[in-house]
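Per my numbering, numbering through the sequence shown is continuous, rising by one, with the last residue being 442. First comes the structure, then the notes that go with it.
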Amino acid sequence: DDYDAGYLYHCQLGNKDDRFQYNPERSDNVVNTLPVPNTDLAHGDDIPLTSILIKEKLNLIFVGLKNGFIRIYPYGGKQVFQSLEQYWTRSAHDSEYGVVTHLVTSFDDRFALSGGADGNIFGYVIKGDPHITKEHSDSPKMPAFTGEVEAQDITEASHYSIEEEKQKAEEDKMKKSAEALKNEMRQQIEGLKGKFRKL
Numbered sequence: 244d245d246y247d248a249g250y251l252y253h254c255q256l257g258n259k260d261d262r263f264q265y266n267p268e269r270s271d272n273v274v275n276t277l278p279v280p281n282t283d284l285a286h287g288d289d290i291p292l293t294s295i296l297i298k299e300k301l302n303l304i305f306v307g308l309k310n311g312f313i314r315i316y317p318y319g320g321k322q323v324f325q326s327l328e329q330y331w332t333r334s335a336h337d338s339e340y341g342v343v344t345h346l347v348t349s350f351d352d353r354f355a356l357s358g359g360a361d362g363n364i365f366g367y368v369i370k371g372d373p374h375i376t377k378e379h380s381d382s383p384k385m386p387a388f389t390g391e392v393e394a395q396d397i398t399e400a401s402h403y404s405i406e407e408e409k410q411k412a413e414e415d416k417m418k419k420s421a422e423a424l425k426n427e428m429r430q431q432i433e434g435l436k437g438k439f440r441k442l
């Protein structure tokens, strides 16, 4: 975030066999540093790079920044570390809390996705594919919804209103409960009659 923000480092890592183990004699070297053009012109600060995705097949490099911006650089193969002056910028994530943490492309490289610390995931179309445009421009198979559906008034006198329906359901419930109570009392009375006859 401080003195080394705003630089892209090209590093040569030591022996591949010992990369997962600590080795004090391992030699990792910075081959080249390249200043990244300033994004935050209002404050004059260098914005730290938080994620990077190199897509050789697309000849593009996607870079996520701490302020939620995404930069896309043209990829020139081995010339990648010579200049980063030309780029496209896209702001999608929150500028305060939207640190870009993940960059990925779809399986067919038609879309890019970015994930940020603000909890959002955004998708972007990478190439102007004519099939995508055609798919969206075809007329729909079903009739389209053209406006609000007007609610129809119930004019039948015999039709229950919602309130009447509720009251009827409550009344039916009370009748059922009362009938169950009557049956229980009848059984008790029959039991008592039987005992009385025996006496």
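We put the beta carbon where it would ideally sit given N, CA and C, even for glycine.
With a threshold of 7 Å on Cβ separation, who are the neighbours of residue i within its own chain once the five nearest residues in sequence on each side are excluded?
i, result
"Asp352", "Lys298, Lys300, Leu301, Ile369"
"Lys418", "none"
"Asn426", "none"
Can you give me the C-alpha to C-alpha distance between residue i and residue j, rounded to a whole angstrom?
i, j, result
"Lys309", "Val274", "24 Å"
"Gln255", "Ala355", "28 Å"
"His345", "Ser338", "16 Å"
"Tyr330", "Val306", "10 Å"
"Ile295", "Ile304", "7 Å"
"His253", "Ile313", "20 Å"
"His374", "Thr348", "At His374 the pLDDT is 48, less than 50, meaning the model places this residue with poor confidence and gives no usable figure here."
"Lys408", "Glu414", "According to the sequence provided, residue 408 is Glu. The question's Lys does not apply to it. Cα-Cα distance, rounded: 10 Å."
"Tyr403", "Asp396", "13 Å"
"Ile359", "Tyr340", "Note that residue 359 is Gly in the sequence shown, not Ile. Distance between the alpha carbons of Gly359 and Tyr340: 8 Å."
"Tyr318", "Glu268", "34 Å"
"Gly362", "Thr293", "15 Å"
"Glu399", "Lys416", "26 Å"
Helix, strand or coil for residue i per DSSP?
i, result
"Ile397", "coil"
"Gln329", "coil"
"Ile295", "strand"
"Ile364", "strand"
"Gly434", "helix"
"Phe312", "strand"
"Asn302", "coil"
"Leu424", "helix"
"Ala412", "helix"
"Phe354", "strand"
For residue i, I'd like the list of residues in its chain whose CB is within less than 8 Å of its CB, leaving aside the five on either flank, ordered along the chain.
i, result
"Thr276", "Tyr250, Leu251, Tyr252, His253"
"Asp271", "Cys254, Gln255, Leu256, Gly257"
"Lys411", "Tyr403"
"Arg440", "none"
"Glu433", "none"
Less than 6 Å between C-beta atoms, sequence neighbours within five positions excluded: which residues of the same chain meet that for residue i?
i, result
"Arg333", "Ile313"
"Ser401", "none"
"Phe365", "Ala335, Ser357"
"Gln430", "none"
With a cut-off of 8 Å on the beta carbons, I'd call residue i and residue j a contact; round off their distance for me.
i, j, result
"Gly311", "Val343", "6 Å"
"Ala248", "Ile315", "Incorrect: roughly 20 Å between the Cβ atoms, too far for contact."
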